[in-house]
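Q:
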Amino acid sequence: MTVFVGTAGWGLSREQQALFGPGGSVLERYATRLSAAEINSSFYRPHRRSTYQKWAASVPEDFRFSVKVPKAVTHTAKLRECAGLLADFMEGVNGLGDKLGGLLVQLPPSLKYEPDVAADFFAALRQETPVPAVCEPRHATWFGGEADALLRQFHIGRVAADPARVPEAAVPGGFAGTVYYRWHGSPRMYYSAYSEAQLAQLAEQVRAQAGDVWVIFDNTASGAGVENALRLRERLTPAP
1 MTVFVGTAGW GLSREQQALF GPGGSVLERY ATRLSAAEIN SSFYRPHRRS
51 TYQKWAASVP EDFRFSVKVP KAVTHTAKLR ECAGLLADFM EGVNGLGDKL
101 GGLLVQLPPS LKYEPDVAAD FFAALRQETP VPAVCEPRHA TWFGGEADAL
151 LRQFHIGRVA ADPARVPEAA VPGGFAGTVY YRWHGSPRMY YSAYSEAQLA
201 QLAEQVRAQA GDVWVIFDNT ASGAGVENAL RLRERLTPAP
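Residue 1 is where the sequence shown starts when you use full-length UniProt numbering, and the numbers rise one by one after that.
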């Protein structure tokens with residue numbers, strides 16, 4: 001099992017930069033203490049392959065990025081007839097090379113589970129790339145046995161989210177080989193910090209997994225995500 005811990009993006013305040021090692025860029029400094037970052041900007045706009053290559057060159061060999069699939073795929077096309085969009089997306093993302101650790105497919109809250117649509121989409125995704133991938137569904141219809149079986153069929157993990165829209169969304173599902181915790185901040189999404197007790201509980205959940213585990217803190221609007229990620233990393237690092 002490999003555990004990747006980081007935040008959505010890699011922004012650091014001036015005060016937080018002092019907690020990290022030296023580096024010529026914020027990303028280089030961030031990567032001295034955290035092992036992963038989730039690229040969210042790809043959801044809103046495409047990046048050049050050269051941009052992904054630059055990011056990959058800025059981090060250590062064991063650092064990994066997850067990349068959020070564009071909203072053109074998930075929110076506009078709603079997973080339908082996306083082969084061309086996925087090909088264009090992966091053309092750039094593959095610039096990360098070995099530093100590409102995963103893909104995040106976050107679905108709109110209104111998108112219901114439709115077996116044929118979901119199967120066609122994940123088949124197209126798997127035809128395009130074998131890279132580990134996870135899905136963050138937000139409609140209750142995605143949390144039944146049929147949807148979970150489909151995700152396992154295509155080796156897609158289901159995100160464990162906090163806060164969870166339905167109770168099942170709080171725990172990992174789908175393919176057990178890729179486990180992805182995505183904590184957005186609670187009670188105030190994107191702002192609230194997690195307590196030491198919550199981080200201790202999360203660390204226990206991580207240790208109980210058998211597959212590779214990602215923990216991404218999306219509570220970055222107030223800077224809490226960086227501190228939560230550092231504290232969790234410390235909890236998961238064996239004492240010398």
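Think of the CB as a built atom: it goes at the ideal place given N, C-alpha and C, for glycine as much as any other residue.
Quick one, are the C-beta atoms of Ala160 and Gly211 less than 7 Å apart?
A: no
Q: Assign Ser66 to one of three DSSP states: helix, strand, or coil.
A: strand
Q: Using only CA atoms, which one of Arg29, Arg231, Gln127 lies nearest to Ala83?
A: Gln127
Q: Contact check, Ala224 vs Leu34 under 8 Å by CB: the rounded distance?
A: Their Cβ separation, rounded to whole angstroms, is 14 Å, which puts Ala224 and Leu34 out of contact at 8 Å.
Q: Evaluate Tyr44 with the Cβ neighbour count: other Cβ atoms within 10 Å of its Cβ, from every protein chain shown; 16 or more gives buried, anything less gives exposed.
A: A residue is called buried when at least 16 other Cβ atoms come within 10 angstroms of its Cβ; Tyr44 does not meet this threshold and is exposed.
Q: In whole angstroms, what separates the C-alpha of Gly174 from that of Arg152?
A: 5 Å
Q: Going straight from the alpha carbon of Tyr194 to that of Thr7, what length do you get?
A: 13 Å
Q: At the level of alpha carbons, what is the spacing between Ala133 and Leu104?
A: 6 Å
Q: Does the pairing of the segment 46-63 with the segment 85-103 give three or more beta-carbon distances under 8 Å?
A: yes
Q: Could you tell me the alpha carbon to alpha carbon distance between Ser66 and Val213, rounded to whole angstroms?
A: 12 Å
Q: Pick helix, strand or coil for Leu100, following the three-state DSSP scheme.
A: strand
Q: Between which residues of its own chain and residue 242 is the CB-CB distance below 6 Å, once the five residues before and five after are set aside?
A: The structure shown does not extend to residue 242, since the chain is modelled only from 1 to 240, so the question has no answer here.
Q: Can you tell me where the beta strand (DSSP E) with Val3 in it begins and where it stops?
A: 3-8
Q: So what does Gln106 bridge to, in DSSP terms?
A: DSSP lists Glu136 as partners of Gln106.
Q: With which residues is Thr178 paired in a DSSP beta bridge?
A: Asp212
Q: Starting from Ala87, follow its DSSP beta bridges and name the residues at the other end.
A: DSSP output for Ala87 lists no bridge partner at all.
Q: Kindly indicate which residue of Gly144, His155, Phe89, Thr178 has the alpha-carbon position closest to the one of Ala169.
A: Nearest of Gly144, His155, Phe89, Thr178 to Ala169, Cα basis: Gly144.
Q: So, helix, strand or coil for Gly23, using DSSP?
A: coil
Q: DSSP on Phe217, reduced to helix/strand/coil?
A: strand
Q: Along the chain, which unbroken stretches of the beta strand (DSSP E) at least 3 residues long are found entirely within the segment 36-60?
A: Entirely contained in the segment 36-60, the beta strand (DSSP E) runs reaching 3 residues are, in chain order, 36-39.
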